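Report on the following structure.
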Amino acid sequence: MIRLAILTSSFPRYIGDHAGIFVYELAKHLVDDNMAVHVLAPHDDNYPQREIWNGVTVHRFRYVPPGIRPTLCYGSGIVDNLKGHPLTWLQIPLYVFSMMSALKKLIYQENITIINSHWLLVQGLGAAMSKKKREMLHISTIHSSELTMLTRIPFGGSLARFVLKQADQTICVSERSKQRLEKAAGIPVQAHIMPMGIDVTKFLPKTPSCVLQNSTSNLDSYKILFVGRLIEVKGLIYLLQALPAVKDQIGNIELCIVGIGKLAEELKNQVERLGLHEQVKFAGYVPNEDLPSYYHSADVVVVPSMITDAGYEEGMPVVLLEALAAGCRVVVTRTGGAPELIQDGKNGFLAEPADPTSLAQAICRALTTTEISQVEYAARETVKRFDWPIIASAYRNIIQEIVRSQE
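Position one of the sequence shown corresponds to residue 5 (the numbering used here), numbered consecutively onward.
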């Protein structure tokens, strides 16, 4: 039997938690009679250090002493948690040491065959060091946020090259992520291009719910939906700036914002400054199982991701895949892996990042297109190959091939 350890800095802490949900879904779909799956993730206050979810054994390691609040992981994510919080930086060496210690213990206790690390820093580095010491097999999955950090830290390129050299296989979530990895490492990279998946059947269109069409909604208004963390890279500030132009051209509109994050108050203040308090509703946190109802009630889903001043950008937004599976008309910016998936006017609509005018034009095109059924059908067809059983099968084939090559 293959014993797989998935090493991650983000993983759901409770049922319904969005943190690292795609890592959990991958782990769950990899479990079978020939593969035992263990996940090693950082702890958070008040959650068990070991439990089993749908056949996946979850191990959570402590990285700060009792009485000190862990602030490096979860919330807005490591990158955003570090911004403007010098004390949080002090938790990084504690995190690395604790992770390495927990990984060593897990390898010996569970007789681990192979490691799949998610994010090059610091999980990929930890797995690479374990491989060098113990001749472990290692698959490195590269997302996006770590790639900018590699270019901003001392010896980032050297670290990237070390991880790549020690990896038996590398997986990038988009071609754009692979290109950025090559730039950061300064060498060509052989990698599989494989986004995280989604449960396509979960998001298939059903009878539209009334989640957005509730007593506070105007039934004659166009429903615009945003889903995601309220952080800079999501670009929500530019969506709000685009709304007045959309309203002028389209008429009655309503934007529902699903998600939480550190920019919530700033965004609410901007809504007031723009005089959009009647058009914009903040839904806050919504459990993952309730998201399909929001998608099915939307006329258009907007993914306004941007490249931040620090150079951060998304890989392949899971929200985009979910919206496509739901058969939604989507507007997405030309950042990360999205342009690899969306053909403008065919299965969605493209806009320039951090550009309210371009965003408004794309939203208006999406809302006024006369080919609604064709666009929505193309959206559903596009995302079929990202169904979790297909993605997990591809991962399983890579894992089995590596293990067989070492026998």
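In this text, a Cβ means the ideal position worked out from N, Cα and C, and glycines have one as well. Source: prediction; values computed, not measured.
| Query | Result |
| --- | --- |
| Proximity below 8 Å, CB of Ile-346 to CB of His-196 | no |
| Residue range of the unbroken beta strand (DSSP E) whose run includes Arg-64 | 60 to 65 |
| DSSP state of Met-39 mapped onto helix, strand, coil | strand |
| Extent of the continuous alpha helix (DSSP H) run through Lys-350 | Note, Lys-350: premise wrong, no alpha helix (DSSP H); not H, not E. |
| For Asp-224 and Leu-185, the rounded distance between their alpha carbons | 47 Å |
| DSSP-derived helix/strand/coil call for Asp-252 | helix |
| Boundaries (first-last residue) of the alpha helix (DSSP H) holding Lys-108 | 95 to 114 |
| Helix, strand or coil at Leu-271 [DSSP, three-state] | helix |
| Rounded straight-line distance, which links the Cα of Pro-343 to that of Leu-86 | 29 Å |
| Supposed contact pair Leu-259 and Gln-274 - C-beta distance, whole angstroms, cut 8 Å | Incorrect: roughly 12 Å between the Cβ atoms, too far for contact. |
| Ala-249 to Ala-364 span [Cα, whole Å] | 6 Å |
| His-33: first and last residue of the uninterrupted alpha helix (DSSP H) it sits in | 25 to 34 |
| Met-5 classed as buried or exposed, judged by whether at least 16 other C-beta atoms fall within 10 angstroms | exposed |
| Coarse secondary structure for Val-336, derived from DSSP in three states | strand |
| Rounded separation between Ala-40 and Lys-135 - CA only | 19 Å |
| Nearest-angstrom beta carbon gap, Val-193 and Leu-168 [assumed within contact, 8 Å] | 6 Å |
| Whole-angstrom distance between Leu-124 and Ser-102, CA atom to CA atom | 17 Å |
| Member of Tyr-78, His-122 and Ser-181 whose CA lies at the smallest distance from the CA of Lys-266 | Tyr-78 |
| Check whether Gly-161 and Ala-189 have beta carbons under 8 Å apart | yes |
| Assigned secondary structure, Trp-57 (DSSP; H/G/I helix, E/B strand, else coil) | strand |
| contact_flag[the segment 319 to 339, the segment 96 to 112] where n(CB pairs < 8 Å) is 3 or more | no |
| Counted within 10 angstroms of its Cβ, other Cβ atoms place Pro-90 as buried (16 or more) or exposed | exposed |
| Backbone CA spacing between Tyr-399 and Ile-25 [nearest angstrom] | 17 Å |
| Span separating the alpha-carbon of Tyr-298 from that of Leu-229 | 8 Å |
| Spatial distance of Ser-181 from Ile-191 (CA atoms) | 14 Å |
| At least three beta-carbon pairs within less than 8 Å, the segment 373 to 391 to the segment 345 to 361 | yes |
| Whole-angstrom distance between Leu-244 and Gly-288, CA atom to CA atom | 16 Å |
| Buried versus exposed call for Arg-138 [16 or more other C-beta atoms within 10 Å across all chains shown] | exposed |
| For Val-290, three-class secondary structure by DSSP | coil |
| Beta-carbon proximity of Ile-82 to Val-407, cut-off 8 Å | no |
| Beta carbon of Val-237 nearer than 8 Å to that of Met-320 | no |
| C-alpha distance - Trp-57 paired with Ser-178, whole-angstrom precision | 28 Å |
| DSSP beta-bridge partners of His-122 | Thr-145 |
| Closest by C-alpha distance to Val-27, when choosing among Leu-44, Leu-141, Asp-36 and Asn-38 | Leu-44 |
| Top-ranked residue by Cα proximity to Val-62, from Lys-32, Trp-93, Pro-70 and Asp-36 | Lys-32 |
| Same chain only: Cβ atoms within 7 Å of Gly-239, ignoring 5 sequence neighbours per side | Pro-308, Ser-309, Met-310, Thr-337, Pro-357 and Ala-358 |
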